[in-house]
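From first to last, the protein sequence lines are chains X and R.
The numbers in the working numbering rise by one with no breaks, and the one at position 46 of the first sequence is 944.
The numbers in the working numbering rise by one with no breaks, and the one at position 278 of the second sequence is 643.
Just so it is clear, CB atoms sit at the ideal spot from N, CA and C, and this is done for glycine as well.
Since this is a predicted model, take the numbers as computed values, not measurements.
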Amino acid sequence: MTVPVHVSSHLRSYTHGKADVQAEGATLAELMTDLDHRFPGLRFRVVDEQDHIRPHMNFFVQGSLVRDLASPVPAGAEVLILGALSGG
Amino acid sequence: MPTRTKSRATRKTPHGAARPARKPPARKSAPVDLYLSTIKGAFVMKGDGVRRSWHITGTHFFGSETNHLILDPRDRTTLLLAARTGHLGPTVFRSGDGGRTWKEASRPPAFPKAPEGQTGAVVERTFFLAAGHASRPDVWWAGTVPHALFRSEDGGDTWSLVAGFQTFLASLKERKPAHVGATPGGAITHSILVDPRDARHMYVSLSAAGFFETRDEGLTWTPMNEGSSADFLPEPFAEFGQDPHCVVMSPADPDRLYQQNHCGVYRLDRPGTRWDRIGRNLPKDVGDIGFPIVAHPRDPDVAWVFPMDGTDVWPRTSPGGKPAAFRTRDGGISWTRQAKGFPPANGFFTVFRQAMKADTRDPVGLYLGTTSGEVWASRDEGGSWMQIAGHLPRILSLEVVEP
Chain X
899 MTVPVHVSSH
909 LRSYTHGKAD
919 VQAEGATLAE
929 LMTDLDHRFP
939 GLRFRVVDEQ
949 DHIRPHMNFF
959 VQGSLVRDLA
969 SPVPAGAEVL
979 ILGALSGG
Chain R
366 MPTRTKSRAT
376 RKTPHGAARP
386 ARKPPARKSA
396 PVDLYLSTIK
406 GAFVMKGDGV
416 RRSWHITGTH
426 FFGSETNHLI
436 LDPRDRTTLL
446 LAARTGHLGP
456 TVFRSGDGGR
466 TWKEASRPPA
476 FPKAPEGQTG
486 AVVERTFFLA
496 AGHASRPDVW
506 WAGTVPHALF
516 RSEDGGDTWS
526 LVAGFQTFLA
536 SLKERKPAHV
546 GATPGGAITH
556 SILVDPRDAR
566 HMYVSLSAAG
576 FFETRDEGLT
586 WTPMNEGSSA
596 DFLPEPFAEF
606 GQDPHCVVMS
616 PADPDRLYQQ
626 NHCGVYRLDR
636 PGTRWDRIGR
646 NLPKDVGDIG
656 FPIVAHPRDP
666 DVAWVFPMDG
676 TDVWPRTSPG
686 GKPAAFRTRD
696 GGISWTRQAK
706 GFPPANGFFT
716 VFRQAMKADT
726 RDPVGLYLGT
736 TSGEVWASRD
746 EGGSWMQIAG
756 HLPRILSLEV
766 VEP
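In structure tokens form, the structure reads like this:
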């Protein structure tokens, strides 16, 4: 199942400048694996080696903040991957 | 008092063989580049042939926290750069064309995934990069925050944790938990020194846990902190637990080590194992606290420090607001103040551990970058200084590149 993914400016060096891309996955974990296939290196910049979302990155699924990669991605949902209002 | 320096011509190597001092040739006129890694990107400065005129020619990864940008001394072409941002995780980039294009490591330094239910470590930043031995052209080393040593065997594309170092660290923590800790800048792995005579022989420093040696390329390690102090511990002369800020190996004599520690300036002549506090010979009103230390490219008895105020609440700025380098020409027995050109008053410099370096010219050029974004240079071995850049972001490291 492919869903639209919007990424903030921080990640567009990976998405060839695109703000809106597509990725496939029934969970955020699957979605991130697919995104990393499409845009190599992107995943590790936003998800650490212990599979935790990095502290200053925010994931929204259908408008709700999600911190767990096991979270489902419902059909038709839009996923936002945004830099938090922090980061230094 | 330190012992007088042995003759360089007859100093013994750790292996017991007499070895003449190696003296790389000095070039009198050639351009010098400076790579400045800052919290907002890496800046490249180019100097003219006489090191008088300087300009910034470009940036790499502007906006990213770039911790270290180095040129491969083996091929003199490849660049490696460690970066992260406030939002994005730490990674390593490589360039084979002078920084025109960069390729990200396909597996940057990262800890193994912890078993289910356990908390695993996370690399916060790659702090220090070092090229491997000349006989290992594709090997690179990386020191991270938190404490860990990583190795790449494919030119920096994929990185693996050096398991022997982690096992060793775990044993230190088990023995004395308070002796393996973090600094305000994190638990830093730095000063990765590879013996040019022996690829298996290396040193690594940890802030804070001390100075360590391996003779089997990282499989097993030995603390080597005798004589160096840790006045922030109940046991100031412990086997380990010290806070080396910067350790350098003399390019002219790999058996001569200089250390700027949280608690003083030291010298160690291998195969000896006891550090000698040569900073005791600095003026008492200056003290011997600082971050960087620099060794002369051809004379092992010459070194420079840039003291900071380590009194009271530790301002970590130039003592008395009077920036100055101090140079020794006799292995630390005596020191000369070198302040010509620096502000005579109200100059509150902080120079981080990786932000003061020398070139290989004759006379040697010295360069330092401050946390307030200034770059200062000396064309005469510290005799006089001039500001060559200002208004840059906080400078984390400075590397001298002589193409």
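Contact list for residue i against chain X, beta-carbon separation under 8 Å
i, result
"residue 476 (chain R)", "947 and 948"
"residue 471 (chain R)", "938 and 939"
"residue 487 (chain R)", "946, 947, 948 and 950"
Chain R contact residues for residue i, given Cβ-Cβ distances below 9 Å
i, result
"residue 944 (chain X)", "452, 453 and 454"
Buried or exposed by the 16-neighbour rule on C-beta atoms within 10 Å, applied to residue i
i, result
"residue 407 (chain R)", "buried"
"residue 462 (chain R)", "exposed"
"residue 469 (chain R)", "buried"
"residue 372 (chain R)", "Because residue 372 (chain R) sits at a pLDDT of 39, beneath the cut-off of 50, its placement in the model cannot be relied upon, and the point is left open."
"residue 711 (chain R)", "exposed"
"residue 765 (chain R)", "buried"
"residue 465 (chain R)", "exposed"
"residue 678 (chain R)", "exposed"
"residue 731 (chain R)", "buried"
"residue 699 (chain R)", "exposed"
"residue 950 (chain X)", "exposed"
"residue 722 (chain R)", "buried"
"residue 539 (chain R)", "exposed"
"residue 625 (chain R)", "buried"
"residue 662 (chain R)", "buried"
"residue 900 (chain X)", "exposed"
"residue 471 (chain R)", "exposed"
"residue 569 (chain R)", "buried"
"residue 595 (chain R)", "buried"
"residue 496 (chain R)", "buried"
"residue 427 (chain R)", "exposed"
"residue 763 (chain R)", "buried"
"residue 431 (chain R)", "buried"
"residue 483 (chain R)", "exposed"
"residue 441 (chain R)", "exposed"
"residue 480 (chain R)", "exposed"
"residue 536 (chain R)", "exposed"
Residue i - containing beta strand (DSSP E), residue span
i, result
"residue 570 (chain R)", "567 to 572"
"residue 700 (chain R)", "No beta strand (DSSP E) holds residue 700 (chain R); DSSP gives it neither H nor E."
"residue 900 (chain X)", "900 to 905"
"residue 658 (chain R)", "655 to 660"
"residue 752 (chain R)", "751 to 754"
"residue 629 (chain R)", "629 to 634"
"residue 432 (chain R)", "430 to 436"
"residue 722 (chain R)", "721 to 723"
Partner residues on chain X for residue i, Cβ-Cβ distance less than 7 Å
i, result
"residue 479 (chain R)", "948"
Minimum Cβ-Cβ distance from residue i to chain X less than 7 Å
i, result
"residue 387 (chain R)", "Confidence at residue 387 (chain R) is low in this model, with a pLDDT of 48, below 50, so the placement of that residue should be treated as unreliable; the coordinate-derived value is given next. Not closer than 7 Å to any Cβ of chain X, the Cβ of residue 387 (chain R) fails to qualify, so no."
Unbroken alpha helix (DSSP H) run spanning residue i, endpoints
i, result
"residue 941 (chain X)", "940 to 944"
"residue 928 (chain X)", "926 to 936"
"residue 532 (chain R)", "528 to 540"
Cutoff 7 Å: residue i Cβ touching any chain R Cβ
i, result
"residue 955 (chain X)", "yes"
"residue 908 (chain X)", "yes"
"residue 976 (chain X)", "no"
Interface residues of chain R facing residue i [CB-CB closer than 8 Å]
i, result
"residue 982 (chain X)", "452"
Residue i CB to nearest heavy atom of the ligand SAM below 6 Å
i, result
"residue 754 (chain R)", "Ligands displayed in this structure: none; no statement on the ligand SAM is therefore possible."
Within-7 Å CB hit, residue i to chain C
i, result
"residue 749 (chain R)", "Included in the structure are the protein chains X and R, with no chain C among them."
Indicate whether the contact test is met: 3 or more Cβ pairs, each with one atom in the segment 437 to 451 of chain R and one in the segment 484 to 500 of chain R, closer than 8 Å.
Touching, yes, given that three or more Cβ pairs across the two stretches are closer than 8 Å.
When you compare the segment 633 to 643 of chain R with the segment 677 to 688 of chain R, are there three or more beta-carbon pairs, one atom per stretch, that lie closer than 8 Å?
Taking a contact to require three or more Cβ pairs closer than 8 Å, the segment 633 to 643 of chain R and the segment 677 to 688 of chain R do not qualify as touching.
For the structure I just gave you, are there three or more beta carbon pairs, one from the segment 688 to 705 of chain R and one from the segment 741 to 761 of chain R, closer than 8 Å?
Taking a cut-off of 8 Å for Cβ pairs, the segment 688 to 705 of chain R and the segment 741 to 761 of chain R touch, as three or more such pairs fall below it.
Spell out a yes or no on whether the segment 534 to 552 of chain R and the segment 494 to 511 of chain R are touching, meaning 3 or more CB-CB pairs, one atom from each, closer than 8 Å.
The segment 534 to 552 of chain R vs the segment 494 to 511 of chain R: in contact.
Do the segment 573 to 584 of chain R and the segment 607 to 616 of chain R meet, that is, are 3 or more Cβ pairs less than 8 Å apart?
In short, these stretches touch, since the Cβ pair count reaches three.
Report yes or no: do three or more beta-carbon pairs, one from the segment 395 to 410 of chain R and one from the segment 729 to 743 of chain R, lie closer than 8 Å?
The segment 395 to 410 of chain R is in contact with the segment 729 to 743 of chain R.
Cβ contact (3+ pairs, closer than 8 Å) linking the segment 906 to 924 of chain X and the segment 969 to 986 of chain X:
Verdict: yes, contact present.
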